[in-house]
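Visitor: Going by numbering that gives the first Met the number 0, the sequence shown wraps up at 436, each residue one higher than the last.
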Amino acid sequence: MSSDLLIRNGRVIDPAQGIDARADLLIRGGRIEAVGENLAAAGVETFDAAGLIAAPGFIDLHVHLREPGFEYKETIESGARSAAAGGFTSVCCMPNTSPVNDNSSVTSFIVERAASAAVRVYPIGAVTQGSKGEHLAEIGEMKSAGIVAISDDGRAVADTNLMRRAMEYARDFGLPVVDHCEDCCAKGGVMHEGEYSALLGLRGMPGAAEDIQVARDVMLAELTGARVHIAHISTARSVEFVRGAKARGLAVTCEVTPHHFTLTDAEVHRSGYDTNTKMAPPLRSQADVDAIIEGLRDGTIDAIATDHAPHHANEKMLEFDRAPFGIIGLETALALALDRLVHGGVISLSRMIELFSTHPARIFNLPGGALAPGSPGDVTIFDPDRAVRIDAASFESKSRNTPFDGWQLKGGPAATIVGGRIVWRREREITEQTKID
Ligand SMILES: [Zn+2]
């Protein structure tokens, strides 16, 4: 699996070590051996990264790979290829498969399937059996089998007492709790509750549905001392609660998806009820997006995660009310972050790499997130300036449910390296590369 590779002439940015310099990067035996100028290694394959940025491999804390049970939407193999094509070297897959990953045999199945996948795949176990919110799952056994966190993602853990007990177990097992925050006052809603839901005559999910649970679980984090990671944060108030939790020194972190920092609920109207604008949490108001942007800028938001949620075209071809929630994101995330956040003047390249790699590694305690000697030889190479046109038809994912098809963006991935092996590289990246300084 592991191999040797010399990445030459790139601009190496590693926030964990404070490195931002033109340098070579040598990987041997699947691990980082050295970062420095004019490295030489006889007989080692080289990758010319001139004009490109080399960063510690990107880690997506939140994907749905649909296997076992929904292989017509995605498989571990196709999802991992999609991740590689998006510049991700590791992904963490949610347990809402069929059967649900709520016991060690499902965890072991995923780990075995992942062994031959293009990127590293880390399973997340369910909080409760069947994610039904009634009885705790076998958290300790799943941890032994390889889970890196617990979550009932797709659903909220409504029972406060059960969530408290889950946090206590998770704390004792050293696992973060990934929190899908959606109070039952969102029930029946299909988009954000606001002027557009009123205009379109669609049932709304109020921002308060998210805020209520974030507030509750910040308090439970304080009560239990557990590490709580808020999934796909989408409202201004939630960002405020996380900011307050951090100020009090709690182990509360959060992630945002590219669609929640890029689009508002106006997109449901503009697109004419395109079901690829339907996801949970829903696209929110401009005020919410403004608060998300501020949270990205000031450090309140720790990570960018895609919530990659593949669905078959036939499933999304229903009326807005009846279509399933979710969009795919692995192959659009980096371009959206570069275009909207970096070129948009919100954050620096280094801060973007923290959000995609440094922090995700720390939050889930995963290998990687740095290019220090001895770290896994996982590297994301990207071109911050290349003109990109999103073409859903060419995605490696089995599904096509994206609202970004046809978008023109600036910047995108060039190559993905896992354990020193090039698992994906953009064709023509040599001829089309552009100058970066
Ligand atoms: Zn979720």
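Idealized CB from N, CA, C, for every residue including glycine.
In its own chain, which residues sit with a C-beta less than 7 Å from the C-beta of Met141, not counting the 5 before and 5 after it?
Guide: Asn102, Ser103, Thr106, Gly124
Visitor: Ignore the nearest five residues each way along the sequence and tell me which others in Asp152's own chain have a CB closer than 7 Å to its CB.
Guide: Met93, Asn95, Val177, His179, Ala230
Visitor: Does the distance between the C-beta of Gly153 and the nearest non-hydrogen atom of ligand 1 fall short of 7 Å?
Guide: yes
Visitor: Counting only the same chain and skipping the five closest in sequence on each side, list residues whose C-beta sits under 6 Å from that of Pro323.
Guide: His310, Glu314
Visitor: Can you name, in chain order, every residue of its own chain whose Cβ lies under 6 Å from the Cβ of Asp59, other than the five neighbours on each side?
Guide: Phe87, Val90, Ala304, Thr305, listed in sequence order.
Visitor: Under three-state DSSP, which class holds Val105?
Guide: helix
Visitor: Quick one: is Glu36 buried, meaning 16 or more other Cβ sit within 10 Å of its Cβ, or exposed?
Guide: exposed
Visitor: Give me whichever residues DSSP pairs with Glu254 in a beta bridge.
Guide: Ala302
Visitor: Is His450 a contact residue of ligand 1, with contact defined as CB to any heavy atom under 7 Å?
Guide: Residue 450 lies beyond the stretch modelled for the chain, which goes from 0 to 436, so this question has no answer here.
Visitor: Three-state secondary structure (DSSP) at Asp273?
Guide: coil
Visitor: Please indicate yes or no: does the CB of Ala230 lie closer than 7 Å to some heavy atom of ligand 3?
Guide: In the structure shown, ligand 3 is absent; the only ligands present are ligand 1.
Visitor: Locate the alpha helix (DSSP H) running through Pro359, then write down its first and last residues.
Guide: 358-362
Visitor: Please state if the CB of Glu254 and the CB of Ser233 are separated by a distance shorter than 8 Å.
Guide: no
Visitor: Quick one: give me the first and last residue of the beta strand (DSSP E) that Gln407 is part of.
Guide: 407-417
Visitor: Just list the residues that DSSP pairs Asp13 with in beta bridges.
Guide: Ile18
Visitor: Leaving out the 5 sequence neighbours to the left and right, which residues in its chain are closer than 6 Å to Leu38 when beta-carbon positions are compared?
Guide: Only Asp23, Leu25 meet the Cβ criterion.
Visitor: Give me the Cα-Cα distance between Gly454 and Gly200, rounded to the nearest whole angstrom.
Guide: Past the boundaries of the shown model lies residue 454; the chain is included only from 0 to 436, so the question cannot be answered.
Visitor: Going along the chain, which unbroken runs of the alpha helix (DSSP H) with 4 or more residues stay wholly within the stretch 329-361?
Guide: 332-335, 348-352
Visitor: Tell me whether Ile75 sits in a helix, a strand or coil according to DSSP, three-state version.
Guide: Collapsing the DSSP output to three states places Ile75 in a helix.
Visitor: For Cys180, which of helix, strand or coil comes out of DSSP?
Guide: coil
Visitor: For the stretch 137-200, which segments carrying the beta strand (DSSP E) assignment without a break, of at least 3 residues, lie completely within its bounds, in sequence order?
Guide: 176-178
Visitor: Are the CB atoms of Leu222 and Arg170 within a distance shorter than 8 Å?
Guide: no
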